[in-house]
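Visitor: Here the sequence shown stands for residues 0 to 74, where the numbers follow numbering that gives the first Met the number 0. Note that CB positions come from ideal geometry on N, CA and C, so glycine has one too.
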Amino acid sequence: MISLLIHADFAAAQKIRIASSPNPVGSGARALGMGGAFIATADDATAASWNPGGLVQLKQPEVSAAGNCFSRTED
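So, in structure tokens, the structure goes:
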């Protein structure tokens, strides 16, 4: 158990920086255009990333795709 705690400390000391800041929540042009106010009206396929409760408002099946390009830099 003590060995596990010691090794966990060394693992936490390693830092990886991401050159572009990732968006942890949200996608979709409409939602981003509303400046984050889309959380209250999430009613399209991107609702899963803003407010999953909005998925019940879908009248028909929808598909949404989003992509990001991350560049990792390590020291």
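Suppose the cutoff is 6 angstroms on Cβ atoms and the five residues either side in sequence are ignored; what does the same chain contact list for A41 look like?
Guide: Position 42 of the sequence shown, counted from the start, is the residue given in the question as residue 41. Counting only Cβ-Cβ distances below 6 angstroms, and skipping sequence neighbours, we find W49, N50, G53.
Visitor: So for A46, helix, strand or coil by DSSP?
Guide: Taking the sequence shown and counting its residues from 1, the one referred to as residue 46 is at position 47. Helix at A46.
Visitor: Please determine, among Q56, F37, T45, L57, the residue with the shortest C-alpha to C-alpha distance to A65.
Guide: Locating residue 65 in the sequence shown gives position 66, counting from the first residue. It is T45.
Visitor: With respect to the alpha helix (DSSP H) encompassing L31, which residues constitute its N-terminal and C-terminal limits?
Guide: Taking the sequence shown and counting its residues from 1, the one referred to as residue 31 is at position 32. 28-32 is the extent of the alpha helix (DSSP H) around L31.
Visitor: Taking only three categories from DSSP, how would you classify P60?
Guide: Against the sequence shown, residue 60 aligns to sequence position 61. Here P60 sits in coil by DSSP.
Visitor: To the nearest angstrom, report how far apart L75 and V62 are at their CA atoms.
Guide: Residue 75 lies beyond the stretch modelled for the chain, which goes from 0 to 74, so this question has no answer here.
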